[in-house]
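Since the structure comes first, as structure tokens, the remarks are kept for the end.
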Amino acid sequence: MMEAKTEDTVLDVRNLQTVFFTNSGLFRAVDDVSFSVRRGETLAIVGESGCGKSVTALSVMRLVPDPPGRVVGGSVTLEGTDLLSLDEAEMRDIRGNRISMIFQEPMTSLNPVMRIGDQITEVLRLHQEMTAKEAWAKAVEMLRLVRIPEPQRRAHEYPHQLSGGMRQRAMIAMALACRPALLIADEPTTALDVTIQAQILALIVDLQKTLGTGLILITHDLGVVAQTAQRVIVMYAGKKVEEATVEDLFANPKHPYTRGLMASMPAVISFGAKTDARLNEIPGMVPSLTNLPPGCAFAPRCRLAIDRCRAEYPPLQEVDAHHLAACWRATELQGAP
Amino acid sequence: MRSVHALAAAALLLLPAYDLASAGEPKQGGILRVYHRDSPGSASIHEGATYSINIPFMPVFNNLVIFDQHIAQNSQDTIRPELAESWAWSSDNKKLTFKLRQGVKWHDGKPFTSADVKCTFDMLMGKSQQKFRQNPRKSWYDQVSDVTVNGDYEASFELKRPQPALISLLASGYTPVYPCHVSPAEMRTKPIGTGPFKFVEFKANESIKLTKNPDYFKKGLPHLDGIEFTIIPNRSTAILGFVSGKFDMTFPTEVSIPLLKEVKSQAPNAVCVVEPINVSTNIIVNSSSPPFDNIDIRRALALALDRKAFVQILFEGQADIGGTMLPAPGGLWAMPKEMLESIPGYGPDINANREEARKLMQKAGYGPDKRLAVKVSTRNIPVYRDPAVILIDQIKSIYIDAELDVVDTAQWFPKVARKDYTLGLNLTGNAVDDPDQSFYENYSCGSERNYTNYCNKEIEKLFDQQSAETDVAKRKKLVWEIDKKLQEDVARPIIFHARQGSCWQPYVKGITIMVNSSYNGYRYEDVWMDK
Amino acid sequence: MFAYIVRRLALMLVTLFGISVIIFVLLRVVPGNIVDILFDAAGFVDPTDKANLEKELGLNLPIYQQYLNWIGGLLHGDLGYSYVSEKPALQEILPRIPITARLAALALLFSASIGIPLGVLSAVHQGSRLDYTLRVVSLSGLSLPSFWLGLLILMASVSMFGSMPIYNPNPKTWTEAFAIYAVPAMAVGFRSAALTMRITRSSMLEILRQDYIRTARAKGASEASVNYRHALKNAILPVITVIGIEAAFLIGGLIVTETVFNIPGVARFLVEALRWRDYPIVQNLVMLIAVVVVVANFTVDMLYAAIDPRIRYGD
Amino acid sequence: MTTINFDSELRRAGAHSTRGWRRLTFLAQRYLLGTVGLVIMVLFVWMAISADLIARYDPLSVDSAQRLAAPSAAHWMGTDSFGRDVWSRIVHGARISLAVGIGATALGSTLGVIVGLVSGYLSGWVDLLFQRITDILQALPLLVLALVMTAALGPSLPNVIIAIAIPLIPTVARVIRANTLALRELPFVEAAKSIGMSETRIALRHVLPNTLAPLIVLATAQLGSTILTEASLSFLGLGIPEPYPSWGRMLSESAAEYVRTAPWLVIFPGVAISLAVFGTNLFGDALRDILDPRQRG
């Protein structure tokens, strides 16, 4: 594989498999996905909606709703601990403490009947020995850290009194309150106004730098990736189809799907809608995960598909240094799309 | 149940048998707890026509005379003095004079005098300034021309013609003497009497409370400290209350035969009797419009009745079959068995009767292929509805398909008065077991309660003849003849005379349930509790 | 907020006015009135007596006149006189209110204290055997006719203890006082507890699917904290609304229960008054019940606002 | 990590059963309680429909020789104090209960739909007026309203149905109104408007069918409660009068007198009412789960 486990590695995910049991059949939401994140590094996971990005994140958090979902294979190692072997109580000590997560919808992700301050205090008191007073002071400090004006007053307010951007800042404050080793941000800016998006993103990156946190940024927005990430993995239909450094990926995408994504990227990055924008350049739809074709899942939509693509799934291969791709014709693709 | 019945019959023969059996010095004190079946409309006995009022309020009052409270069968021989010390008929039997007791005080301390007697009966006759809100027994005094007083302690009833039955009417629980100085409206809410118990309070739908009258003119009475009626309209709850000992007594004559079994199975020590209540269940037939204007169809109807089946189903055999007058042994005026069975429809061979009925129906143009469709109207109360269900089933056998039409209480009598029915199922209660009361009220031309407008001038003459007859034996003969004629005319076919049970705890002493009236036996002055 | 309250109050008045008209007309379009009932036992209706009585009671007036008389009196606190007892209606109704109120309060307490925890339990353990059992039990509770339940309780109490709780205005002992109110309250409360449980359950399930519950989990909060600290406080809001609606439901249940347990409260009084066609009592009782329901709904909305910060501070 | 049996997990999730019989058996397993409810309901409906066939005696036929007979081969559920066959009365009673249940629910729902649809669709003063009507109806407890209505209308089968139906209007009207308001804004309604469809037609063709699911859920839930309301009215003496064999009256009238001496008179009607209501409630619950995805657990 691409990089050896180093002491710097915060999270190491190997061959993760998460399936959903539905009444239309088995659905492999995450299929044999591996990646790792180093301290202070930003890893972006990119793909259309339904490709398994969010489930990957939830699998790492062990928050996949069961039933119907279940992590069925692989390992998730955080700072040397295998998370999948922990019992629920041990896992709770990790969540919010060593790994935190920011969700897409700041509107609904905060408890409407609890004050902002209380919600931050809660995470502090769960994981750190603190009096209520200390925790509150710390919460206010966190709010100041995420640049919320008048943090003292805001801490006393309820979520609905804050704007969307403010709420997401509060979420970030909550997520970083315990200085986690890893922060997972699942489309943190999608639901926000365009003008706020950049600010929030900048804030996350800034804080990540200051705190040395590893960051997994889940997005469908390649513009965001270009601005913030060091490495990128591209997912399609539950599988990792390409992995590279940001520079490599943008300069020389090796998977037709990645190329399609890039081609459909508008000049100005402006995805304001809540749902992922439809990609004009890629015909067809994401296939139903319960009924995948035998070969490459992307083959039906791929202009370059050959017979082999339809018959045999391409393995993930190192096509360049530190550049992995799963495509029979990866080597034929050169340069920017 | 048979044993209860037998016991009741025995009590009837031995008359005050209960007292001999449980002889002993009456104990003083205690509050008698009785449940009441419903909330009476008012506290004024004169304005009511239901024993829902009589039972709780009779202990508040006294009459001029009263039926002996411990002789189950009311008759002229059992009439005892109460506010009157004695009474006498004039030689022409047209004046009845009462000598009144002196020193009696109303519950508010005012003295009782002959003026109160005059006031009461003037009001009943509708002669006084003050009026009752309603006066259901005005017709009892049709023959009284005037009530006169002679001094403070003598009062006389002047009659238009001899009416020996008058004294019986005066001895009913329905005929208390009211104080002159209290308005009828006050009597409805806060009755004042001279009786053994004083009125304390009447909370509608909740309770009626009476307390001992320490100044009662009968020395040493009453034994009880008071009587408390708890109003429980729901029979299940009421019976459970009695069974669990929350009450010393059920509401008198309110326990049905099946319910009596439940009581006996749960409270085997309870004393229960089943007695006739002198209420007849009858069919009112609208003879003024088709199809029952046809005498043949009316006769067929009378012939189709299987009275034994009614009695079997509704009373497990414990009810009486007779004509208008309450049958023996409870009743005094019932015709002999042979005479009764000679009336069409009363004969023992039901099938033969129905065969004859079918012939009459065919004569009137009906048959198995052309059945007569009618409605049987009755009130939406089980005691009315249940016999109607049986009636409908029975007349199926004579080509009549009847449909039950239940009528809301408030609309029942207006509907009957409008003649807006073909067949109706009705209950007729008789306060006093006397032909005058029942013949005039139910069968005389123009009487308000003659729902069927039956009017037969010949019979009308016989009514007067029996009423004026002072020889009891002769009067009985006349009464039998009238009763038979009424049945043969299908004026208002009588189906049966109901019986009802009353129960009390074994320690309650001095209760006698009357066998030929359910309106007269509730003075309760010498009831006591052995505990 | 102030404008909202004023508007609500105005609408309440409109509703009450509508009810007063409807109930008034409904009672009078039917043939037969108190006079017929009063005469009923006598076995005949004397037309002159009837006319006199109707005049005395004001039943001969044109219907709008009767209505105006009633409403006019009502505004002055004069509820008229009961036709039956001839006492002021207020005097008849007033002493019965605390009885029913006590019963209703106990029943609500019972229903909330049983229904809410069981509902939460059922939702948290959704799909488990416990959930199934609770759902089946609550559904069967809702399937029993309430009078039947009441009678069963009475019969069981008689055959087990040889005694039964029957209303007594002056209970001698604490236990008696408790039995008099608590047993009937449980009989009514059982049904509404079942209802409360079911609503709490579905409300909880709804809340447990919310994003902020996932946030709470991501924080490392324990299941208990997620369920009770985060979910229940949100889930309780619809439950409060339901308890408000249940106030109405309860009054219906109380009619039957007060009859079975022979409690001289307002609800049974209505049945009796209807039987007697005692219009002043029926009218005023129905208005009373309507006021209680309307005020209960209003209170619940206000309570909702008090608990839910979104409403308190929102426009 | 524990091993996972994929097959059994999938079976539990209902895979491999997308159509036909297997789908049905899966649904039956998934909504076990609902299926039980449906079976009970079907049983009662069948009983009501074929009452004339399965009743072994005339339910109204009185027989003084056979009164209070205990259950036996001749009389499966014994006889009542009139000697009437209880089984036959229960079976015919199913008809009455169904008539009351379906009649009242249908009437109440229809009126509710009209009020709700008109109110939600026309808005303006009509809406205001109709909303006040629902307010008024809602301010009176169901039983109070039904009680006053039956007292006013007098006892008869149609009157009892009307009296029970009227109080059902506001709940239905509210749901339909809310739904209509939401639907009005949806693109397909806008589209229908733009091609010049009449308002009434839009309301009936587009809006109404889309409010059907919540309506069905609501109606099923109300079915059980109407049967219970009838029973309560019977207990208060205002239910369906004789001669119709109503379960409520059968139960309330024998509850006092025959608990010990003829318990079958109390048990069978009691079980019939409770079971029928229980069945509709179970079924209604499952239906809500299926038709109202928001509530799906």
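Going line by line, the protein sequences match chains A, B, C and D.
Residue 93 in the UniProt record's numbering is what sits at position 93 of the first sequence, and the numbering runs on without skipping anything.
Residue 312 in the UniProt record's numbering is what sits at position 312 of the second sequence, and the numbering runs on without skipping anything.
Residue 69 in the UniProt record's numbering is what sits at position 69 of the third sequence, and the numbering runs on without skipping anything.
Residue 154 in the UniProt record's numbering is what sits at position 154 of the fourth sequence, and the numbering runs on without skipping anything.
Using N, Cα and C, we set each Cβ at its ideal position, and we do this for glycine too.
When DSSP builds the beta bridges, which residues end up paired with residue i?
i, result
"A:Arg95", "A:Ile99"
"B:Ala373", "B:Asp401"
"B:His36", "B:Ile231"
"A:Pro188", "The partner list for A:Pro188 (beta bridge, DSSP) is empty, contrary to what the question assumes."
Within 8 Å (strictly less), CB to CB, does residue i reach chain C?
i, result
"B:Glu448", "yes"
"B:Ile232", "yes"
"B:Phe413", "yes"
"B:Ala431", "no"
"D:Arg249", "no"
"B:Ile284", "no"
"A:Val246", "no"
Just checking: is the beta-carbon of residue i within a distance shorter than 8 Å of some beta-carbon in chain B?
i, result
"D:Glu257", "yes"
"D:Ser88", "no"
"C:Val260", "yes"
"D:Val266", "no"
"C:Arg277", "yes"
"C:Ser138", "no"
May I have the straight-line CA-CA distance separating residue i from residue j, to the nearest angstrom?
i, j, result
"B:Ala491", "B:Ile297", "13 Å"
"B:Asn516", "B:Ile66", "15 Å"
"B:Ile381", "D:Gly237", "8 Å"
"C:Arg96", "C:Ser111", "22 Å"
"B:Ser467", "C:Glu176", "58 Å"
"B:Tyr384", "B:Ser444", "24 Å"
"B:Ala402", "B:Ala300", "14 Å"
"D:Ala99", "D:Ser246", "11 Å"
"D:His206", "D:Val189", "7 Å"
"A:His220", "A:Val72", "26 Å"
"C:Leu11", "D:Leu168", "21 Å"
"B:Ala21", "B:Val274", "Confidence at B:Ala21 is low in this model, with a pLDDT of 43, below 50, so its placement is unreliable and no value can be given for it."
"A:Glu247", "A:Gln230", "8 Å"
"C:Gly265", "C:Leu109", "18 Å"
"C:Ile255", "B:Ala267", "29 Å"
"D:Ser88", "D:Ala55", "4 Å"
So, using beta-carbon positions, are residue i and residue j closer together than 8 Å?
i, j, result
"B:Phe157", "B:Val147", "yes"
"B:Leu478", "B:Leu462", "yes"
"C:Thr196", "C:Ile251", "no"
"D:Glu199", "D:Tyr121", "yes"
"B:Ala302", "B:Gly345", "yes"
"C:Ala231", "A:Arg95", "no"
"B:Thr211", "B:Gly226", "yes"
Got a sec: is the Cβ-Cβ distance from residue i to anything in chain A below 8 Å?
i, result
"C:Asn234", "yes"
"C:Gln210", "yes"
Is residue i near the ligand PLP, going by C-beta to nearest heavy atom under 7 Å?
i, result
"C:Leu106", "Judged by which ligands are present, the structure shown has none, so any question about the ligand PLP falls away."
Against chain D, does residue i count as a neighbour if the rule is that its beta carbon must be under 8 Å from one of theirs?
i, result
"B:Pro348", "no"
Exercise for review: Output the residue ranges of the alpha helix (DSSP H) runs that lie fully inside the region 229–271 of chain B and measure 4 residues or longer, sorted by chain position.
Suggested key: 235–243, 257–266
Check your understanding: Fully enclosed by the region 270–295 of chain D, which beta strand (DSSP E) runs are 3 residues long or longer?
Key -> none
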